[in-house]
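**Student:**
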């Protein structure tokens with residue numbers, strides 16, 4: 166499968182303009198042969214927009230997802246994008262995966278909320294999930310989620326070939342993109358696509374540095390700090406080969422890690 170990572174700024178609180186960006190970038194990625202394009206965290210609305218994020222929240226089958234489904238059909242490419250999801254009175258920081266036929270394949274709710282801002286705006290999700298897209302099993306995490314090795318390992322042991330991570334990483338935390346994400350890929354022997362915002366949004370500046378890491382922890386794609394559309398192939402056979410040569414997953418002792426640690 167060929168995947169595209171779109172690193173961009175988006176337009177704060179401008180849903181229609183962000184859908185237009187999704188349409189343009191999906192068309193550009195499809196023209197280059199991509200099967201899936203991934204957008205950053207809360208790309209539909211913007212991330213640092215305060216309580217407006219709740220006002221713009223939509224149901225999983227709301228008008229924006231219907232428009233995104235139309236874009237997927239028209240451009241013949243699957244789309245994964247971040248958005249605020251409303252369910253009754255609750256709002257989640259979610260990511261929606263739509264296949265090239267316009268069908269919803271997965272709706273993931275961020276399980277680890279970062280800081281007081283996110284915790285004041287969203288309810289945390291309580292489920293990890295894997296979606297199958299064109300014979301590739303895709304795990305989805307959002308930003309801070311990937312900083313928990315347990316989440317990545319859980320998706321790996323459940324059969325994921327690849328983990329997509331829509332992100333809104335600020336410039337003070339660029340070490341996550343440059344050091345933590347490669348470690349997550351290596352220690353779980355899995356492809357990780359980390360797709361960040363760039364530029365400024367209010368008083369927040371994002372560091373960019375989106376990347377695709379291979380299951381050996383090596384860099385396949387790496388963006389700089391400005392807008393970019395990156396494209397590369399993902400071959401799940403490479404995951405199989407890496408796991409045959411590197412024994413990390415075979416040597417895990419899960420029962421040991423549940424045993425109380427003895428003191429002196």
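In my numbering, the protein residues as written are 166 to 429. A virtual CB, placed ideally from N, CA and C, is assigned to each residue, including glycine. The model shown is predicted, which means the values in this text are computed figures rather than measured ones.
Please go through the same chain and pick out, in chain order, the residues whose beta-carbon is closer than 6 angstroms to the beta-carbon of residue 204, but skip the five residues on each side of it.
**Tutor:** So the qualifying residues of the chain are 171 and 246.
**Student:** Using the Cβ count rule (16 or more neighbours within 10 Å means buried), how would you classify residue 145?
**Tutor:** A question about residue 145 goes unanswered here, because the residues of the chain that appear run from 166 up to 429.
**Student:** Work out the CA separation of residue 354 and residue 383 for me, nearest whole Å.
**Tutor:** Taking the straight line from one Cα to the other gives about 11 angstroms.
**Student:** Would you mind sorting residue 175 into buried or exposed? The rule is 16 or more other CB atoms within 10 Å of its CB.
**Tutor:** Under this definition residue 175 is a buried residue.
**Student:** In its own chain, which residues sit with a C-beta less than 7 angstroms from the C-beta of residue 312, not counting the 5 before and 5 after it?
**Tutor:** Same-chain partners within the cutoff: 341 and 345.
**Student:** Give the secondary structure of residue 228 by DSSP, where H, G and I count as helix, E and B as strand, and everything else as coil.
**Tutor:** If DSSP states are grouped into helix, strand and coil, residue 228 belongs with the helices.
**Student:** So, are the CB atoms of residue 257 and residue 208 less than 9 angstroms apart?
**Tutor:** Cβ distance not < 9 angstroms, so residue 257 and residue 208 don't count as in contact.
**Student:** Report the three-state DSSP secondary structure of residue 417 (helix, strand or coil).
**Tutor:** Reduced to three states, the DSSP call for residue 417 is coil.
**Student:** Can you pull the DSSP bridge partners for residue 356?
**Tutor:** Note: residue 356 sits in a beta bridge opposite 327.
**Student:** Where does residue 275 sit, in a helix, a strand or coil, going by DSSP?
**Tutor:** The answer is coil: DSSP assigns residue 275 none of H, G, I, E or B.
**Student:** Taking just the CA atoms, how far does residue 193 sit from residue 212?
**Tutor:** Those two C-alpha atoms are separated by around 24 angstroms.
**Student:** Grab the span of the alpha helix (DSSP H) containing residue 317 for me, first residue to last.
**Tutor:** Looking at the DSSP string, the run of the alpha helix (DSSP H) that includes residue 317 is 314–322.
**Student:** Per DSSP, which residues does residue 249 bridge with? Please list them.
**Tutor:** Partner(s): 258.
**Student:** Which same chain residues end up closer than 8 angstroms to residue 279 when comparing Cβ atoms and leaving out the 5 residues on each side of it in sequence?
**Tutor:** Cβ neighbours of residue 279 beyond the five flanking positions: 308 and 309.
**Student:** According to the neighbour-count rule (16 or more other Cβ atoms, all chains shown, within 10 Å of its Cβ), is residue 250 buried or exposed?
**Tutor:** Per the 10 Å Cβ criterion, buried.
**Student:** Nearest by alpha-carbon distance to residue 304: which of 191, 389, 181 and 331 is it?
**Tutor:** Cα-wise, what sits closest to residue 304 is 331.
**Student:** State the start and end residues of the unbroken beta strand (DSSP E) segment that holds residue 396.
**Tutor:** Its beta strand (DSSP E) spans residues 393–398.
**Student:** Run through the DSSP bridge pairs and tell me what residue 269 is partnered with.
**Tutor:** Looking at the DSSP assignment, residue 269 forms a beta bridge with 263.
**Student:** Can you tell me the Cα-Cα spacing of residue 414 and residue 220, whole angstroms?
**Tutor:** Straight-line Cα distance between these residues: approximately 44 angstroms.
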